[in-house]
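Q: Numbers 814 to 938, taken from the working numbering, label the letters of the sequence shown in order.
Every residue gets a Cβ at the ideal spot worked out from N, C-alpha and C, and that includes glycine.
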Amino acid sequence: MTDELTHIARSILLVDDEPMIRIDLADFFEDEGFQVFEAQHADEAIAILEKNPSIQVVLTDVQMPGSMDGLKLAHYIRDRYPPTLLVVASGAIRPSAAELPEHTIFFAKPFDPRRVLAEIDRLTA
């Protein structure tokens with residue numbers, strides 16, 4: 814029962830300007846018991862985090878329209894919400910370890926969301 818409650822209490826913010834990617838990921842993580850928040854760009858993601866600072870995981874694309882890309886967003890989140898687990902994904906670029914904030918996971922697109930979930934589970938166990 815405790816495991817079930819922990820599973821239900823998890824939350825993730827999905828940040829991607831591609832609606833179909835967000836929808837697919839949202840469906841997957843909702844099925845896995847996550848409370849899912851969605852944003853199309855960094856500014857929207859920041860507004861969601863300000864209203865929901867206890868979000869545990871942020872999965873962001875790198876290339877998005879708006880005032881900052883996913884890498885800048887990841888740094889912003891690391892500075893302001895240090896406990897948040899960050900997952901950065903891109904199909905176009907592969908950032909170096911120096912470009913990623915500390916303790917950030919990178920996945921090349923396309924990726925299997927089960928692999929992302931396995932990493933989240935491993936790092937939050």
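Alpha carbon to alpha carbon, how far is LEU862 from GLU851? Give it in angstroms, no decimals.
A: So the two alpha carbons sit approximately 11 Å from each other.
Q: Do PRO878 and HIS916 come within 8 Å of each other at the CB atom, strictly closer than that value?
A: No, they are not a contact pair.
Q: Which of helix, strand or coil does DSSP assign to GLU932?
A: Note: GLU932 maps to helix in three-state DSSP.
Q: How far does the beta strand (DSSP E) with LEU827 in it reach, from first residue to last?
A: 824–828 is the extent of the beta strand (DSSP E) around LEU827.
Q: Give the DSSP-derived three-state secondary structure of GLU851 in the structure shown.
A: In the structure shown, GLU851 sits in a strand (DSSP, three-state: E or B).
Q: Excluding the 5 residues flanking LYS885 on each side, which residues of the same chain have their C-beta closer than 8 Å to its C-beta?
A: Around LYS885: ALA855.
Q: Using a threshold of 8 Å, state whether the C-beta atoms of ALA902 and PHE924 are closer than that.
A: The answer is yes: Cβ separation under 8 Å.
Q: With a threshold of 16 other CB atoms inside 10 Å of the CB of LEU826, please say whether the residue is buried or exposed.
A: Buried: at least 16 other Cβ atoms inside 10 Å.
Q: Helix, strand or coil for ASP882? Go by DSSP, reduced to three states.
A: Coil, per DSSP.
Q: What does a CB cutoff of less than 7 Å around GLU843 pick up in its chain, not counting 5 residues either side in sequence?
A: Result list for GLU843: VAL849, in chain order.
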